Amino acid sequence: MKWQNAIRDYQIYLKIERGLSKNTIQSYTNDLDKLILFLKDNIINISPITIDNDIIQKFIYDVAKKLNTRSQARIISGLRSFFDYLIFEDYRQSNPMDLIETPKIGRKLPDILSEKEIDELISSVDLSHPQGERNRTILETMYSCGLRVSELISLKISDLFFDEGFIRVIGKGNKQRFIPIHYKAQKYILFYIKDVRKHTVIKKGYDDVLFLNRRGKNLTRQMVFTILKNLSIKIGLKKKISPHTFRHSFATHLLKNGADLRAIQQMLGHESITTTEVYVHLDNSYLKEIVETYHPRK
1 MKWQNAIRDY
11 QIYLKIERGL
21 SKNTIQSYTN
31 DLDKLILFLK
41 DNIINISPIT
51 IDNDIIQKFI
61 YDVAKKLNTR
71 SQARIISGLR
81 SFFDYLIFED
91 YRQSNPMDLI
101 ETPKIGRKLP
111 DILSEKEIDE
121 LISSVDLSHP
131 QGERNRTILE
141 TMYSCGLRVS
151 ELISLKISDL
161 FFDEGFIRVI
171 GKGNKQRFIP
181 IHYKAQKYIL
191 FYIKDVRKHT
201 VIKKGYDDVL
211 FLNRRGKNLT
221 RQMVFTILKN
231 LSIKIGLKKK
241 ISPHTFRHSF
251 ATHLLKNGAD
261 LRAIQQMLGH
271 ESITTTEVYV
281 HLDNSYLKEI
291 VETYHPRK
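Heads up, the sequence shown is in full-length UniProt numbering, so the first residue is 1 and it goes up one at a time.
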């Protein structure tokens with residue numbers, strides 16, 4: 001079996017059987033591409049069926065010289081998944097990754113924005129600009145619901161259940177969840193639909209997409225990143241932010257104000273509570289900062 005054929009079949013498996021997103025599948029593929037490039041550079045002619053632990057170990061050593069521990073861990077995990085798939089399909093009897101240890105990585109706390117910084121960013125949107133109302137609505141929706149950027153750009157009008165106070169989101173693995181939406185975000189969305197979006201010439205097939213670009217099609221991930229980048233420059237924000245920063249801020253502010261961790265997990269669409277628990281650590285960091293700033297013994 002050639003590498004290209006094995007990877008193609010693996011991609012189909014990830015999409016059909018595991019329901020992973022296009023971006024996640026590409027990430028898995030990139031890890032395999034690194035291994036193939038290593039084999040090519042070192043003139044090692046071997047198939048995915050016969051590659052052994054010794055060669056994998058040499059590859060990992062090579063990776064360790066170039067990438068941080070978090071990237072190393074991701075590659076090891078990705079390769080382990082690939083060879084597990086080959087075992088599942090009876091192409092191999094064992095996984096050459098079994099003896100490879102994953103490097104220990106510290107828990108990286110996500111960057112967040114303060115409530116004041118959120119307000120400053122949203123207030124800085126130029127509403128005289130043709131896309132101003134849309135951009136303000138995007139920010140309000142991200143902060144109100146803690147959406148991933150992929151969930152935001154695929155949000156549909158038919159996903160809005162404002163009478164019940166919820167929106168429907170299709171998250172990772174094509175899993176559906178319902179998220180409460182704040183009345184302020186509802187207000188901006190309704191205004192955008194009735195007074196702004198209706199003036200856009202909508203391309204065929206995009207009638208139900210909520211957030212549209214100037215050409216009447218759905219927004220791209222990069223466009224949302226660019227909107228945030230330009231606003232952060234405008235207000236002189238020193239932090240490097242992304243749509244995910246709004247998601248982290250949403251969760252942290254809820255937790256700080258007394259929300260239940262299990263409820264936050266459901267709203268974020270985390271499969272495991274351990275993923276959500278990072279916000280407990282983040283909140284503890286916030287409390288430590290409060291003590292150091294305001295305690296009379298500082």
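Quick reminder that beta carbons are idealized off the backbone N, C-alpha and C, glycines included. This structure is a prediction, so every number in the text was calculated from the model and none was measured.
Among the options, the one whose alpha carbon lies nearest that of residue i
i	options	result
Gly171	Arg8, Asn23, Ser94	Asn23
Val196	Asp159, Asn230, Ser128, Ile87	Ser128
Asn135	Gly258, Arg148, Leu121, Gln26	Leu121
Glu133	Lys198, Gly78, Gln266, Thr50	Lys198
Arg177	Phe211, Ala6, Gln265	Gln265
Arg18	Met97, Asn45, Gly173	Gly173
Leu268	Asn257, Thr252, Ile43	Thr252
Lys146	Ile118, Phe250, Ile112, Lys204	It should be noted that the sequence gives Gly, not Lys, for residue 146. Closest by alpha carbon: Phe250.
Lys217	Thr226, Lys203, Ile235	Lys203
Ser81	Tyr10, Ile153, Gln4	Tyr10
Leu37	Ser21, Ser27, Gln26, Phe59	Phe59
residue 299	Arg148, Leu231, Glu271	Lying outside 1 to 298, the shown extent of the chain, residue 299 is not represented and no answer is given.
Met1	Ser21, Glu89, Thr276	Glu89
Leu99	Tyr183, Gln57, Ile241, Ser27	Gln57
Trp3	Ser123, Ile25, Leu14, Asp33	Asp33
Glu271	Lys175, Glu101, Leu254	Lys175
Arg234	Lys184, Ser94, Val125	Arg is not the amino acid found at residue 234; the sequence shown has Lys there. Lys234 has its Cα closest to that of Val125, out of Lys184, Ser94, Val125.
Ile49	Asn5, Gly165, Ser27, Ile16	Asn5
Glu115	Ala185, Lys256, Lys240	Lys256
Phe162	Leu155, Gln186, Ala259	Gln186
Leu219	Leu155, Leu254, Tyr183	Leu155
Glu101	Ser94, Asp119, Ser123, Tyr61	Tyr61
Collapsed DSSP secondary structure at residue i in the structure displayed
i	result
Gln93	coil
Leu210	coil
Gln131	coil
Asn23	helix
Arg8	helix
Asn45	coil
Lys15	helix
Asn218	strand
Glu140	helix
Gly78	helix
Leu39	helix
Thr276	helix
Met1	coil
Pro103	coil
Leu228	helix
Glu120	helix
Lys65	helix
Ser150	helix
Leu261	helix
Ser114	coil
Lys240	coil
Ile51	coil
Ile60	helix
His270	coil
Leu287	Here the model assigns Leu287 a pLDDT of 49, short of 50, so the residue's position is not dependable, and the following value carries that caveat. DSSP places Leu287 in helix when its eight states are reduced to three.
Ile87	helix
Asp98	coil
C-beta contact flag for residue i and residue j at 8 Å
i	j	result
Leu261	Pro243	no
Val224	Ile157	no
Ile12	Thr29	no
Arg221	Gln131	no
Leu86	Asp31	no
Ala73	Pro96	no
Ile179	Thr141	no
Ile112	Thr245	yes
Leu160	Ile153	no
Glu117	Leu237	yes
Arg70	Phe83	no
Ser144	Ile181	yes
Ile25	Leu14	yes
Leu212	Thr226	no
Check: residue i C-beta below 7 Å from any heavy atom of the ligand SAH
i	result
Asn218	Ligands in the displayed structure: none, and consequently the ligand SAH is not present.
**Item:** Segments of 3+ residues assigned as beta strand (DSSP E) that fall wholly inside the region 152-215
**Value:** 166-170, 176-180
**Request:** Count the CB pairs spanning the region 200-216 and the region 46-60 that are closer than 8 Å, and state whether there are at least three.
**Result:** They do not touch, by the three-pair rule.
**Asked** Are the region 42-49 and the region 64-74 in contact at 8 Å, needing three or more beta carbon pairs?
**Response** no
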